[in-house]
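Q:
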Amino acid sequence: MRLYQKFLDGVPEYLARYYWWAYLWRGSIWFFDHQPVINTILFGQYGKLLKKTLAQAERNPAAKILQLTCVYGKFTPSLLSCTGGEMHLCDAASGQLQLAWRKTRHAAERCHFARMNAESLGYRNDAFDQVIVFFLFHEMPAGARHNAYAEIARVVRPGGSVLITEYAAAPLRHWLYRIAPFRWLLGRLEPFLPNFWQEDVAAKLSGALKKNDKALAGEPGIEHCFAGFYRIMQFNLATH
Ligand SMILES: C[S@@+](CC[C@H](N)C(=O)[O-])C[C@H]1O[C@@H](n2cnc3c(N)ncnc32)[C@H](O)[C@@H]1O
4 MRLYQKFLDG VPEYLARYYW WAYLWRGSIW FFDHQPVINT ILFGQYGKLL KKTLAQAERN
64 PAAKILQLTC VYGKFTPSLL SCTGGEMHLC DAASGQLQLA WRKTRHAAER CHFARMNAES
124 LGYRNDAFDQ VIVFFLFHEM PAGARHNAYA EIARVVRPGG SVLITEYAAA PLRHWLYRIA
184 PFRWLLGRLE PFLPNFWQED VAAKLSGALK KNDKALAGEP GIEHCFAGFY RIMQFNLATH
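The working numbering puts the sequence shown at residues 4 to 243.
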């Protein structure tokens, strides 16, 4: 048995195979959840990305928000503190859900956890006013991403929004990207990132919405961070 197969405990195969060392092994969950560690992985940009993402979060206390998969660091408790509504958080890994649960006890009555695959969500159609996705897509193979777009498009309501914080499109002129060994290393650690760099996120989401008889209301709002290496994308849906 290969080492990663020991982590195949109801999680997607790619997650166990490529990311057991980051999200599934108990030691790594402890290690990566330290703020300086996660900030280093994001080249010191965690604070800025957090602030810019939270600035776009739905503030209406009547709103229902889905955070699609867990995130290391203070993202989830900060999101709960700045929004007043009901929040749902799902992830395929039980260790990640337990970690998030321990960090959100201050708002336990409005934070709901579920173990789910982002490719096949157990929520009803149009269930959420906002779906927030923080650095998930680049860690999924193209087929899994396709399924996740479809599920996001299904569960977000017309007139709602989708907030995606991610790597920007291939940042050809960024100094880090131009360092070939760095690009190689990042591609080894994040094997689906090179493919994600080429993806037209707006077109993918728009296509998925169309299949659900929904549409975007105008162009997405895009803010860049770290000289165009990362981006925060806000997609508003038409009311019908
Ligand atoms: C949001 S992403 C990356 C977060 C980012 N690196 C950070 O922590 O700042 C990582 C999470 O996605 C989860 N995940 C990956 N693929 C998934 C899937 N198909 N369904 C549900 N959760 C998934 C992993 O278990 C992990 O908790």
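In this text, a Cβ means the ideal position worked out from N, Cα and C, and glycines have one as well.
Using the DSSP secondary-structure output, state which residues sit across from M236 in a beta bridge.
A: DSSP lists I167, I225 as partners of M236.
Q: Comparing the CB of E193 with every heavy atom of ligand 1, is any distance shorter than 7 Å?
A: For ligand 1, not one heavy atom lies less than 7 Å from the Cβ of E193.
Q: Look up M90 in the DSSP assignment and give the residues it is bridged to.
A: DSSP output for M90 lists I68, C114 as bridge partner(s).
Q: I want to know whether the stretch 96–103 touches the stretch 19–38 - three or more CB-CB distances under 8 Å.
A: Yes: at least three Cβ pairs fall under 8 Å.
Q: Looking only at its chain, what residues have a beta carbon closer than 8 Å to the beta carbon of C85, apart from the 5 residues adjacent to it on each side?
A: Excluding sequence neighbours, C85 sits near L57, A60, R62.
Q: Please report how far the alpha carbon of R5 lies from the alpha carbon of Y21, in whole angstroms.
A: Rounded to whole angstroms, R5 to Y21 spans 12 Å at the Cα level.
Q: Compute the distance between the beta-carbons of L240 and V134, then report whether it is under 8 Å.
A: Against a cut-off of 8 Å, the Cβ pair of V134 and L240 comes out as no contact.
Q: For I155, which of helix, strand or coil comes out of DSSP?
A: In the structure shown, I155 sits in a helix (DSSP, three-state: H, G or I).
Q: Considering just the uninterrupted stretch of the alpha helix (DSSP H) at I135, what are its terminal residues?
A: That residue, I135, is in no alpha helix (DSSP H); its beta strand (DSSP E) goes 131–137.
Q: From what residue to what residue does the alpha helix (DSSP H) around Q99 run?
A: Where Q99 is concerned, the enclosing alpha helix (DSSP H) stretches over 97–106.
Q: Buried or exposed: where does S164 fall if 16 or more other Cβ atoms within 10 Å of its Cβ makes it buried?
A: It is buried - the Cβ of S164 has at least 16 other Cβ atoms within 10 Å.
Q: Tell me the start and end of each unbroken beta strand (DSSP E) in the stretch 26–76 that is at least 3 residues and wholly inside, in chain order.
A: Within the stretch 26–76, the complete beta strand (DSSP E) runs of at least 3 residues are 67–71.
Q: In three-state terms, what does DSSP make of P161?
A: P161: strand per DSSP, three-state reduction.
Q: For A156, which residues of its own chain have a beta-carbon under 6 Å away from its beta-carbon, when the five flanking residues on both sides are left out?
A: Correct list, in chain order: A211, L212, N215.
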